Amino acid sequence: MTAAPVAVVTGASSGIGAATARTLAAAGYHVFLTARRKDRIEALATELTEAGHQATPYALDVTDRDAVDAFAASLDGAGREVKVLVNNAGGAHGADPVASGDPADWQRMYDTNVLGTLHVTQALLPALTASGDGTVVVLSSTAGHGTYEGGGGYVAAKHAAHVLAETLRLEIVGTPVRVIEIAPGLVKTEEFATTRFRGDTEKAAKVYAGVAEPLTAEDVADTIGWAVSRPSHVNIDLLIVRPRAQASNTKLHREH
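Quick note: the sequence shown, position 196, residue 196 per this note's numbering, numbers continuous.
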């Protein structure tokens with residue numbers, strides 16, 4: 001029996017990462033679920049296994065290069081064929097103006113959204129290339145394609161993630177690896193806005209107030225699954241996906 005190809009999903013403990021893991025597992029991949037919260041990914045692995053899919057949890061902090069390299073080595077040592085990497089780990093912290101933003105928030109966002117993506121991509125790129133048909137997915141954001149007030153640190157990090165994907169695509173053209181960037185707009189998940197506002201659920205709720213149908217984690221996961229499943233010669237360089245109610249980062253229809 002041929003082993004299923006491996007898909008690695010970072011930040012798989014909740015939201016878009018967990019939804020993407022479910023989507024790729026259902027598509028026949030052996031999904032390696034990575035995140036810092038071991039209990040969450042273990043529960044998701046159990047859910048997927050009980051549903052007849054293949055999933056392995058692996059506790060990982062993408063900002064720890066030594067840990068990332070050890071993870072990559074474990075896949076290589078087991079002879080795993082790594083076909084897909086979904087760089088989803090990230091997040092926003094704070095919504096302060098540039099003049100008063102906390103540099104620690106900016107550092108944290110850059111470390112996770114940009115350097116975390118760099119670490120995992122560098123570590124797994126040899127295996128993705130060796131597979132003969134690899135795909136790197138970078139989950140950026142519409143914040144990586146337009147600015148808005150109060151978003152300086154997050155916008156800067158996501159612009160960097162966008163440039164990372166764009167540059168990598170240029171540098172590895174001619175190799176059997178695609179680089180896909182998915183840039184979601186307003187997505188309502190259980191943690192994103194709450195984390196950004198440091199646990200203030202009232203502020204988090206206002207982000208989505210009056211928006212009839214923001215995107216869901218499943219919407220974005222479906223988009224990722226579609227992009228990854230295109231024929232090998234087809235590369236979805238960049239796909240911006242927003243809810244119908246959102247025309248831009250600063251133009252959002254709210255019903256009253």
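Ideal Cβ positions, reconstructed from N, Cα and C, are used throughout, including at glycine. The structure presented is a predicted model; accordingly, all values stated were derived computationally and were not measured.
One or two residues paired with P184 in a DSSP bridge: V241
Sequence-distant residues of the same chain with beta carbon closer than 6 Å to K188, five excluded per side: Y208, P214
Touching by the beta-carbon criterion (3+ pairs, under 8 Å), the stretch 103–115 and the stretch 46–53: no
Segment contact, 8 Å Cβ cut-off, at least three pairs: the stretch 149–156 with the stretch 68–78: no
Three-pair Cβ contact test at 8 Å for the stretch 238–253 versus the stretch 190–203: no
6 Å CB neighbourhood of G17 in its chain, flanking five on each side removed: V9, G11, N88
S248 (DSSP reduced to helix, strand or coil): strand
N-terminal and C-terminal residue of the beta strand (DSSP E) that T34 is part of: 30–35
A212 versus V68 - alpha carbon distance: 40 Å
Spatial neighbours of H30 in its chain, beta-carbon cut-off 6 Å, leaving aside the 5 residues before and after: A4, V6, Q54
Which residues DSSP lists as bridging G134, in chain order: V177
Helix, strand or coil at N113 according to DSSP, with G and I counted as helix: helix
Nearest candidate by alpha-carbon position, reference T63, set P126, H145, I182, A35: A35
Cβ neighbour criterion (16 or more within 10 Å) applied to S229: exposed
Three-state secondary structure (DSSP) of P214: coil
Spatial neighbours of H162 in its chain, beta-carbon cut-off 6 Å, leaving aside the 5 residues before and after: S140, G144
DSSP bridge partner residues for Y58 (one or two, in chain order): T34
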